[in-house]
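Numbered per the numbering used here, the sequence shown spans residues 148 to 380.
The next block holds one structure in the form of structure tokens; read it before the comments.
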Amino acid sequence: MTTTAPVIAVDGPSGTGKGTLCARLAEGLGWHLLDSGALYRAVALAALAAGVDLDDESALARLAAGLQLDFTAAADAGIGVHLGGEDVTERLRTEDCGAAASRVAACPAVRTALLARQHACRRAPGLIADGRDMGTVVFPDAVLKIFLTASAEERARRRHKQLKEKGMNVSLAQLFQDIAGRDERDRERSVAPLRPAVDATVIDTTQLSVEDVLAVVRRLVRERDLKTGTTHV
Ligand code: DC
């Protein structure tokens, strides 16, 4: 009999604090971390670099299937991403790449092509899976499913602050429009639309700090008595 490693699925739109929550959970539990958004961003980046039309589904799926992607520990303790041997960590995080990723992610063939890669990340002692469809499609048997939400206004404010800290001057109104547009595309697409699994715990983070959210999730983890790779959660 094979035993499968446990998964904690964390889904929700961008700007809800998913990335930070997942990194802190993975560190505390000593589990692996899957940033599935980076996969869609990498397909988008590879398509833009190769001049592939973002509406050409079969060409996108071929790119997704053949992606030479490596995740490494980055200098700032985050995760670094190499595409075909080139460090693309920063380029993946741009607004343009995010917008293209949202279009790429709407292609069913791309989603199918990335499934095996995501399943391969499930290794002992466990996996924290960050995305949009972790609890509904990729890991429906996750031991814990969290769905984070926050108002679009608050998410735009958080993104604006992040970009300002990096010295980038983007208008708040433009960010809000982009976020609302991307949310709508992610929610309305026919395959794996953004929605909480029926058995997910939904947490609205609009008024909550990272520590507040962590406290709620850590309580849920303790209630499930999950085996950790380290001694503290
Ligand atoms: O989380 P992110 O901003 O890096 O995601 C980039 C895009 O990829 C976003 O538009 C949603 C999409 N995505 C998805 O459809 N399914 C996932 N599991 C993760 C991301």
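Think of the CB as a built atom: it goes at the ideal place given N, C-alpha and C, for glycine as much as any other residue.
As a quick exercise: from Val-284, Ala-208, Gly-328, Ile-326, pick the residue whose alpha carbon is nearest that of Val-157. With distances taken between Cα atoms, Val-157 lies closest to Val-284.
When the Cα atoms are used, what is the spatial distance from Val-364 to Leu-172? Near 9 Å, if we compare the C-alpha coordinates of Leu-172 and Val-364.
Put Leu-361 into one of helix, strand or coil per three-state DSSP. Correct three-state label for Leu-361: helix.
Let me know if Pro-160 comes out buried or exposed under the rule of 16 or more other beta-carbons within 10 Å of its beta-carbon. With at least 16 other beta carbons inside 10 angstroms of its own, Pro-160 counts as buried.
What are the start and end residues of each continuous alpha helix (DSSP H) run of 4 or more residues lying completely inside the segment 284-353, in chain order? Complete alpha helix (DSSP H) runs here, min 4: 299-312, 319-335.
Please list the terminal residues of the continuous beta strand (DSSP E) segment that includes Leu-181. 179-182 is the span of the beta strand (DSSP E), which, as asked, contains Leu-181.
Can at least three beta-carbon pairs, one atom from the segment 169-187 and one from the segment 263-276, be found at a separation below 8 Å? Flag = yes, the segment 169-187 and the segment 263-276 touch.
Counterpart residues of Val-157 in DSSP-defined beta bridges: Beta-bridge pairing links Val-157 to Asp-277, Ile-293.
Within the continuous alpha helix (DSSP H) that includes Ala-170, where are the two ends? Looking at the DSSP string, the run of the alpha helix (DSSP H) that includes Ala-170 is 165-176.
List the whole-angstrom C-beta distance separating Ala-170 from Val-228, where the pair is believed to meet the contact cut-off of C-beta under 8 Å. No, Ala-170 and Val-228 are not in contact; Cβ-Cβ is about 14 Å, not under 8 Å.
Should Thr-219 be labelled buried (16 or more other beta-carbon atoms within 10 Å of its own) or exposed? Burial call: exposed.
Per DSSP, what kind of secondary structure is Ala-220 in: helix, strand or coil? Residue state, collapsed to three classes: strand.
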